[in-house]
């Protein structure tokens, strides 16, 4: 590592420290209950990116390792989304199936159509983007499903009371859940080049591609994202719609009980002491 690279790393570290300090300062000023989470998030991202950089160096040196790396991405995405949906009936299974279906189908189709060269670099790049977006779609679709099912619980119970299968009772909720999850991606695709310059386009430019090739790669990524999120969302809500019961509502924290006197007998959690009633022999 030469002196120019060292100077760049030092300047980057100082710049990141300023950005994070301003972020924490503004949040503290407005009393946002985030504490030092921005700092820990940046530190964690730094560590993870450093590890990934070393891993990718080995993957690019030995292309056979690309399968293991894609499997790692799929596993991490499934576990992350599954943790967000664990309160739902079959939530973890829905997240796993959605991420696998969307991520693998879209990535495989992009490669099969020859939209990007079939090599380790492109498999990791395209696969990482699409799998990451399938994770987001699984989480958003599942959480939207839960919110809408609770808001329309009376309608769902009515369908079930009439003997309709769960798939019918949850049908409209499932459609709307996926619809809401896909809107941000569709809006981003429509505004690309006018409002934002997406990361794939900028990354391709920094990698030395000409603007036309960078734009082509970005279009492939955007179309792939819409496909993977659609497949993922539909898969997730299809599994969740088979639930025989409504999602459980969030339970409010129980009130802290008043400390009991050491002499007071313990009556158990469900027993209520009856009021004293006077008897004939009472004075």
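In this note's numbering, the protein residues as written are 87 to 369.
Just so you know, even glycine gets a beta-carbon here, dropped at the ideal spot from N, CA and C.
Source: prediction; values computed, not measured.
DSSP places residue 316 inside the alpha helix (DSSP H), whose first and last residues are 297 to 326.
Where residue 230 is concerned, the enclosing alpha helix (DSSP H) starts and stops at 206 to 237. Residue 271 and residue 311 have their C-alpha atoms some 8 Å from each other. The alpha-carbon of residue 321 is positioned some 10 Å away from that of residue 260. Using a 10 angstroms sphere on the CB of residue 149, the tally of other CB atoms stays under 16, which defines it as exposed. For residue 124, the uninterrupted alpha helix (DSSP H) run begins and ends at 123 to 147, by DSSP. Excluding residues up to 5 positions away in sequence, 175 and 252 lie with their Cβ nearer than 8 Å to the Cβ of residue 330 in the same chain.
Counting every other CB atom within 10 Å of its CB across the protein chains shown gives residue 122 a total below 16, marking it as exposed. For residue 257, the enclosing alpha helix (DSSP H) covers residues 257 to 277.
A distance below 8 Å between beta-carbons, with the five flanking residues on each side excluded, links residue 245 to the following residues of its chain, in chain order: 254 and 255.
In the three-state reduction of the DSSP assignment, residue 114 falls in the helix class, which pools H, G and I. In the three-state DSSP reduction, residue 294 falls in the coil class, being neither helix nor strand. Within its own chain, no residue has a Cβ closer than 7 Å to the Cβ of residue 289 once the five positions on either side in sequence are excluded.
Around the beta carbon of residue 169, fewer than 16 other beta carbons lie within 10 angstroms, which makes this residue exposed. Annotated as distal: residue 314 and residue 228, with beta-carbon spacing of 8 Å or more. Residue 188: member of the alpha helix (DSSP H) spanning 177 to 198, first to last residue.
Under the DSSP assignment, residue 158 falls in the alpha helix (DSSP H) whose first and last residues are 152 to 170. Three or more pairs of CB atoms, one per stretch, sit closer than 8 Å, so the stretch 155 to 168 contacts the stretch 178 to 193. Contact between the stretch 232 to 240 and the stretch 194 to 210 is absent: fewer than 3 CB-CB pairs across the two stretches fall below 8 Å.
Its Cα nearest to that of residue 316, the residue 269 stands out among 327, 269 and 279.
Counting other Cβ atoms within 10 Å of its Cβ, residue 204 stays below 16 and is therefore classed as exposed. Between the alpha carbons of residue 302 and residue 267 lies a gap of roughly 25 Å. If the five residues before and after residue 264 are omitted, its C-beta is found closer than 7 Å to the C-beta atoms of 227, 319, 320 and 323, all from its own chain and listed in chain order.
When secondary structure is reduced to three states using DSSP, residue 246 falls in the helix class. The beta carbons of residue 91 and residue 334 sit about 53 Å from each other, so the pair does not count as a contact at 8 Å. Residues of the same chain with a CB within less than 7 Å of the CB of residue 325, apart from the 5 flanking positions on each side, are 176, 179, 180 and 183 in chain order. Note on geometry: alpha-carbon atoms of residue 332 and residue 171 lie some 14 Å from one another. Take residue 167, set aside five residues on each side of it, and the residues of its chain with a beta-carbon closer than 7 Å to its own are 181, 185, 221, 224 and 225, in chain order.
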